[in-house]
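Student:
Protein chains: 2
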Amino acid sequence: MNGPAYVAVDWGTSSFRLWLIDRAGQVLAERRSGEGMLAAAKAGFAAVLQSHLAAVEAPDHLPVLVCGMAGARTGWVEAGYVDTPAPLPAILKQAARVPGEARDIRILPGIAQREVTSPDVMRGEETQLLGALGLDATGEALVCMPGTHSKWVRVKDGTVEHFSTFMTGELFSVVSRETILSLAVAGADEAEDIASFKAAVTAAYEAPAFAANLLFGARSRQLLFGGTPAAAREALSGTLIGVELAAGLSGAVPEAGVTLVASGRLAMLYRLAFDALSVAVAPIDADEAVRRGLSMAAAAIWTK
Amino acid sequence: MNGPAYVAVDWGTSSFRLWLIDRAGQVLAERRSGEGMLAAAKAGFAAVLQSHLAAVEAPDHLPVLVCGMAGARTGWVEAGYVDTPAPLPAILKQAARVPGEARDIRILPGIAQREVTSPDVMRGEETQLLGALGLDATGEALVCMPGTHSKWVRVKDGTVEHFSTFMTGELFSVVSRETILSLAVAGADEAEDIASFKAAVTAAYEAPAFAANLLFGARSRQLLFGGTPAAAREALSGTLIGVELAAGLSGAVPEAGVTLVASGRLAMLYRLAFDALSVAVAPIDADEAVRRGLSMAAAAIWTK
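These protein sequences, in sequence, are chains A and B.
Residues 73 to 376, numbered by our numbering, are exactly what the first sequence covers, in order.
Residues 73 to 376, numbered by our numbering, are exactly what the second sequence covers, in order.
#1: Quick one: does N285 of chain B have its CB under 8 Å from some CB of chain A?
#2: Is R340 of chain A buried or exposed, if buried means 16 or more other CB atoms sit within 10 Å of its CB?
#3: For chain A, is any of its Cβ atoms less than 8 Å away from the one on D297 of chain B?
#4: Nearest to G206 of chain A by alpha carbon, out of A:D229, A:E187 and A:R195?
#5: Count Cβ pairs between the region 353-361 of chain A and the region 241-251 of chain A that sit closer than 8 Å; are there 3 or more?
#6: Check whether the Cβ of M239 of chain B lies closer than 8 Å to any Cβ atom in chain A.
#7: From the beta carbon of L243 of chain A, is the nearest beta carbon of chain D less than 8 Å away?
#8: If you measure beta-carbon to beta-carbon, which residues of the region 209-221 of chain B are closer than 9 Å to chain A?
#9: From the DSSP output, which residues share a beta bridge with I356 of chain B?
#10: Enumerate in chain order the residues of its own chain whose CB-to-CB distance from W224 of chain B is below 6 Å, with the five nearest sequence positions on each side excluded.
#11: Could you tell me which of B:Y153, B:E316, B:D94 and B:S86 sits nearest to L296 of chain A, measuring between CA atoms?
#12: Count the other CB atoms within 10 Å of the CB of N74 of chain A; is the residue buried (16 or more) or exposed (fewer)?
#13: Would you mind stating whether V273 of chain A and G219 of chain A have Cβ atoms separated by less than 8 Å?
#14: Here's the rule: buried if 16 or more other CB atoms are within 10 angstroms of the residue's CB, otherwise exposed. What is P191 of chain A?
#15: Tell me, please, whether the region 246-255 of chain B touches the region 173-187 of chain B by the rule of three or more beta-carbon pairs shorter than 8 Å.
#16: Report yes or no: is there a C-beta of chain A within less than 8 Å of the C-beta of T251 of chain B?
#17: Within 8 Å, do at least three Cβ pairs link the region 97-114 of chain A to the region 77-87 of chain B?
#18: For R364 of chain A, which of helix, strand or coil comes out of DSSP?
#19: Against chain B, which members of the region 265-293 of chain A pass a CB distance test of less than 7 Å?
#20: Determine whether the Cβ of D192 of chain A lies closer than 8 Å to any Cβ atom of chain B.
#21: Please compile the residues from chain A whose C-beta is within a distance smaller than 7 Å of the C-beta of A318 of chain B.
#22: For G143 of chain B, does the count of other Cβ atoms within 10 angstroms reach 16, so buried, or fall short, so exposed?
#23: Exposed or buried, which one is E262 of chain A when buried takes at least 16 other CB atoms within 10 Å?
#24: What residues of chain B sit near V232 of chain A, judged by a beta carbon separation below 7 Å?
#25: Contact defined as beta carbons within less than 8 Å: I believe A158 of chain A pairs with T231 of chain A. What is the distance between those atoms, to the nearest angstrom?
#26: In whole angstroms, what separates the C-alpha of A334 of chain A from that of V128 of chain A?
#27: CA-CA distance, F346 of chain B and A113 of chain B?
#28: Given 8 Å as the limit, is there contact between the region 280-288 of chain A and the region 298-316 of chain B, that is, 3 or more CB pairs closer than that?
#29: What span of residues does the beta strand (DSSP E) with Q185 of chain A cover, start to end?
#30: At 4 residues or longer, and completely inside the region 288-344 of chain A: list those alpha helix (DSSP H) runs for me, N to C.
Okay, structure coming up:
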């Protein structure tokens, strides 16, 4: 049995995940917590990381590779960006070393799109892309990465050519909690209403300009015709995802369909949404992709 | 000089306005407060109204006509709806009398659109429409009524044929206060950035499906290229208004242009937005319109 070779960390805005990995890429231990960038900025990044390293009994010499918002200006150490067009292998050549630490800790850079009409940034998704597509990717891919800030990425022969961020997840969160629509979804249980969701996806896809009207419709419908809070919640979710898909699918779609990098409930919702529009998807698990991307990068950096 | 003939009240979700009016329709006194439906539901509608009536020394016998959310199910007394197609004069025939009050207090109904694919409701705007267009309106009008929940209304020969609510104002409020974009607009001063606003209106009008991407762009642009919080704020506002206009203007626009019923800063912003798209508008002051609508209704109900 192999001992640990390195530690991989996906450090997002609001979540922290750590894996202890051996030389063969096998996971020996895993940690998950809510100590994302926002929480760690208060508690101290070094202290948060050390507590999890201690919990998995990581040896003192073991190197750590981090991706995500820990490398933002407001994070631990700013890790810069690779600019588009961005070859994915360039990411692992620009890892920033955290200064003042005995242990070798590096943070992967993000990708920046310095275009005046479509400025955009990603941090963390570049590592998922690396894991999803590999270091030697060929051909064209249109990658949909749902989340708080969904990314749609065009990759050609392993180079990120263009991408767009949609704040779909964050909009769903504030719209369902902080607006008049919170009255319509209050008390929604776990039950799903797939018919409401798919109908909302299709309506929003066909008339994206009406987004703010379709959202309000969830409440009007309840006032005039009744309907469950779950139906209203799925209508909000379907409307916002349908508008995102109208934009994401507005260009050419590769023959293989859309590469969907997602996990859990989001993966399920987006598969339903693409299905409502009869668009083929090639699904890839997002959790696995980021771990694989970190492993590829760690192997390239420390296993020479 | 005439004595007071009636009291007119515009009782919205978050605002209360009262006018003491004489037989000739002249305003003798005015009151404005934040005691809208939400506040009054706690303090008691009768008590809030009485305090303002006392402040303007309204005689005990003076009748009171109310429009707006005070007539909602969650308001004072439910005033029902006139269903579309809704002739504006029908509104003043369905005023609901508040029971248990010695004084004659009536609340005007709203308008409901009981269509399965586009259910919608309004309360208060029907009275603005009455004031803006009059009891004997002829011809076609496309009316834009900006607000927390903007309404776009098609009126033909004095009958409301169809309308759509867009939660543009509420979206601007939660997006600029409760999302990551709050970082981009923090510290925005009163200064306006008209160029940013107009550019955002045009971009969103041309690609409404990209709304959630254009919003996020306000932050990416600041990260990569700098820019003031005011520019970011106007970009958010322009994006949301541009998407609304893409929907509102998607049908036929009457030769006379769009009838814009708005006041203050919103009137200014929407005039700029229509100007950016070279669409002609006929502006009507919203405050005056609602007072005129209430006066028309009061005259019809009590001056026979």
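Don't be surprised by glycine CBs; every beta carbon is placed ideally from N, CA and C.
In this text, all values refer to a predicted model and were calculated from it rather than measured experimentally.
Tutor: Let me spell this out:
#1: Counted from its first residue, the second sequence places residue 285 of chain B at position 213. N285 of chain B has a beta carbon lying within less than 8 Å of a beta carbon in chain A.
#2: In the first sequence, residue 340 of chain A corresponds to position 268, counting from 1. Looking at the sequence provided, one finds Met at residue 340 of chain A rather than Arg. By the neighbour-count rule (16 or more Cβ atoms within 10 Å), M340 of chain A is not buried but exposed.
#3: Position 225 of the second sequence holds residue 297 of chain B. A quick correction: the sequence has Phe, not Asp, at residue 297 of chain B. Taking Cβ atoms only, chain A reaches closer than 8 Å to F297 of chain B, which makes this a yes.
#4: Numbered from its first residue, the first sequence carries residue 206 of chain A at position 134. Selected option, being the one with the closest Cα: A:D229.
#5: Taking a cut-off of 8 Å for Cβ pairs, the region 353-361 of chain A and the region 241-251 of chain A do not touch, as fewer than three such pairs fall below it.
#6: As a position in the second sequence, residue 239 of chain B is number 167, starting the count at 1. Using a CB distance cut-off of 8 Å, M239 of chain B counts as an interface residue toward chain A.
#7: Structure shown: chain D not included; protein chains present are A and B.
#8: Result list: T220 and H221.
#9: Counting from 1 along the second sequence, the entry for residue 356 of chain B is found at position 284. DSSP lists B:V333 as partners of I356 of chain B.
#10: Residue 224 of chain B sits at position 152 when you count from the first residue of the second sequence. C216, S236 and G320.
#11: Looking up residue 296 of chain A in the first sequence gives position 224. L296 of chain A has its Cα closest to that of B:Y153, out of B:Y153, B:E316, B:D94 and B:S86.
#12: The residue given as residue 74 of chain A occupies position 2 in the first sequence. Label assigned to N74 of chain A: exposed.
#13: Sequence index remark: in the first sequence, residue 273 of chain A carries index 201 (1-based). Sequence index remark: in the first sequence, residue 219 of chain A carries index 147 (1-based). The criterion of a C-beta distance shorter than 8 Å is not satisfied by V273 of chain A and G219 of chain A.
#14: Counting from 1 along the first sequence, the entry for residue 191 of chain A is found at position 119. Counting other Cβ atoms within 10 Å of its Cβ, P191 of chain A reaches 16 or more and is therefore classed as buried.
#15: Under the 8 Å Cβ criterion, the region 246-255 of chain B does not count as touching the region 173-187 of chain B, having fewer than three qualifying pairs.
#16: In the second sequence, counting from the first residue as 1, residue 251 of chain B sits at position 179. By this cut-off, T251 of chain B is an interface position.
#17: Short answer: they don't touch.
#18: As a position in the first sequence, residue 364 of chain A is number 292, starting the count at 1. When DSSP states are grouped into helix, strand and coil, R364 of chain A belongs to the helix group.
#19: Against chain B - using a Cβ distance shorter than 7 Å - the residues of the region 265-293 of chain A are P280, A281, F282, A283, A284, N285, L287, F288, G289, S292 and R293.
#20: Here residue 192 of chain A corresponds to residue number 120 of the first sequence, with the count starting at 1. It does; some Cβ of chain B falls within 8 Å.
#21: By one-based count along the second sequence, residue 318 of chain B stands at place 246. Chain A residues near A318 of chain B: A281.
#22: The residue you call residue 143 of chain B lines up with position 71 of the second sequence. Here G143 of chain B is buried: its Cβ has 16 or more other Cβ atoms, across all protein chains shown, within 10 Å.
#23: By 1-based counting over the first sequence, the position of residue 262 of chain A is 190. Around the beta carbon of E262 of chain A, fewer than 16 other beta carbons lie within 10 angstroms, which makes this residue exposed.
#24: To locate residue 232 of chain A, count along the first sequence from 1; it is residue 160. The contacting residues do not exist; V232 of chain A stays about 15 Å from chain B at best.
#25: Residue numbering aside, residue 158 of chain A sits at position 86 when the first sequence is read from its first letter. Residue numbering aside, residue 231 of chain A sits at position 159 when the first sequence is read from its first letter. About 6 Å separates the two Cβ atoms, so the contact holds.
#26: The residue given as residue 334 of chain A occupies position 262 in the first sequence. The residue given as residue 128 of chain A occupies position 56 in the first sequence. One Cα belongs to A334 of chain A, the other to V128 of chain A, and the distance between them is close to 27 Å.
#27: For the purposes of this step, residue 346 of chain B is identified with residue 274 of the second sequence, where counting begins at 1. For the purposes of this step, residue 113 of chain B is identified with residue 41 of the second sequence, where counting begins at 1. Answer to the nearest angstrom: the Cα atoms are 37 Å apart.
#28: Flag = yes, the region 280-288 of chain A and the region 298-316 of chain B touch.
#29: As a first step, residue 185 of chain A is located in the first sequence; it is residue number 113 there, counting from the start. Segment G182 to Q185, the beta strand (DSSP E) holding Q185 of chain A.
#30: Entirely contained in the region 288-344 of chain A, the alpha helix (DSSP H) runs reaching 4 residues are, in chain order, 301-320.
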